[in-house]
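Inspection log for the structure reproduced underneath, given as structure tokens.
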Amino acid sequence: MKERIEVMISEDAIAKRLEELADEIYRDFGGEQVELVCALKGAVVTLVELAKCMKMPVSMNFMSVSSYGNATESSGKIDVKMDLDEDIAGKNVLIVEDIIDSGRTLSRLRELLLSRNPKTLKICTLLDKPERRVTQVPVDYVGFTIPDAFVVGYGLDYAQRYRNLNYVGVLHFDEDETD
Ligand code: IMP
Ligand code: MG
Numbered sequence: 704m705k706e707r708i709e710v711m712i713s714e715d716a717i718a719k720r721l722e723e724l725a726d727e728i729y730r731d732f733g734g735e736q737v738e739l740v741c742a743l744k745g746a747v748v749t750l751v752e753l754a755k756c757m758k759m760p761v762s763m764n765f766m767s768v769s770s771y772g773n774a775t776e777s778s779g780k781i782d783v784k785m786d787l788d789e790d791i792a793g794k795n796v797l798i799v800e801d802i803i804d805s806g807r808t809l810s811r812l813r814e815l816l817l818s819r820n821p822k823t824l825k826i827c828t829l830l831d832k833p834e835r836r837v838t839q840v841p842v843d844y845v846g847f848t849i850p851d852a853f854v855v856g857y858g859l860d861y862a863q864r865y866r867n868l869n870y871v872g873v874l875h876f877d878e879d880e881t882d
């Protein structure tokens, strides 16, 4: 099988959308400092690019929660492997995600962070696949709503590859040519 990637969302379209979201977030938080929280590894690229568009003070914070492993289907099992190294009590927290699929990862993360009493907790995701939702979770900022396809790039991987693509593309598996 040969892997082929079909462009779904271009680098320019993503950059433009992140600028819009950053402006919206700035208005909603009234210019106050925001602690960006990212679930490794997929959301790293979105967190960095979004942070670069933000005009208020921001901090960057990282957690590691389990997700897909090497397959394209979720196991449904979610563990916190690495926690934040800062207290978020009384702070404005924005969870930055790469993609919301079943919603299991995010809903677990949201509950955990809410239990630490932040001043506000909002969620921003680059991509949303609503057709795949199993657990409902309130999302405040969505970059792009996409159909049910397996996508890679802009932080999203297949077996740890393709995270470095500067666009989002659909991963296809083609039969190898025999003639
Ligand atoms: P959820 O818990 O099912 O919402 O899964 C969320 C996580 O699964 C994301 O943070 C990604 O790491 C991974 N994921 C979901 N859909 C895709 C996809 O289309 N491509 C790559 N990774 C995905
Ligand atoms: Mg993720």
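With the first letter of the sequence shown counted as 1, position 39 gets the number 742 in the numbering used here; the numbers rise by one all the way through. All C-beta atoms in this analysis are idealised placements derived from N, C-alpha and C, irrespective of residue type, glycine included.
Around the Cβ of residue i, are there at least 16 other Cβ atoms within 10 angstroms (buried) or fewer (exposed)?
i, result
"ARG807", "buried"
"ALA725", "buried"
"PRO760", "exposed"
"SER810", "buried"
"GLY793", "exposed"
"PRO850", "exposed"
Look at residue i and residue j and say whether their C-beta atoms are less than 8 Å apart.
i, j, result
"LEU816", "VAL845", "no"
"MET704", "LEU739", "no"
"GLY745", "ASP860", "yes"
"GLY856", "GLU709", "no"
"SER769", "LEU743", "no"
"ASP801", "LEU830", "yes"
"CYS827", "VAL854", "no"
"VAL737", "GLY858", "no"
Can you tell me which of the options puts its alpha carbon nearest to the alpha carbon of residue i?
i, options, result
"ARG836", "ASP804, THR848 and ASP782", "ASP804"
For residue i, which residues from the same chain have a beta carbon less than 7 Å from its beta carbon, with the 5 sequence-adjacent residues on both sides left out?
i, result
"ASN773", "Low confidence applies to ASN773: its pLDDT is 43, below 50, so where it sits in the model is not reliable, and the reading given next is rough at best. For ASN773, where only same-chain residues beyond five positions count, the Cβ hits under 7 Å are ALA862."
Excluding five sequence neighbours on each side, which residues of the same chain lie with their C-beta closer than 8 Å to the C-beta of residue i?
i, result
"GLN839", "GLY806 and SER810"
"HIS875", "GLU706, ARG707, ILE708 and GLU709"
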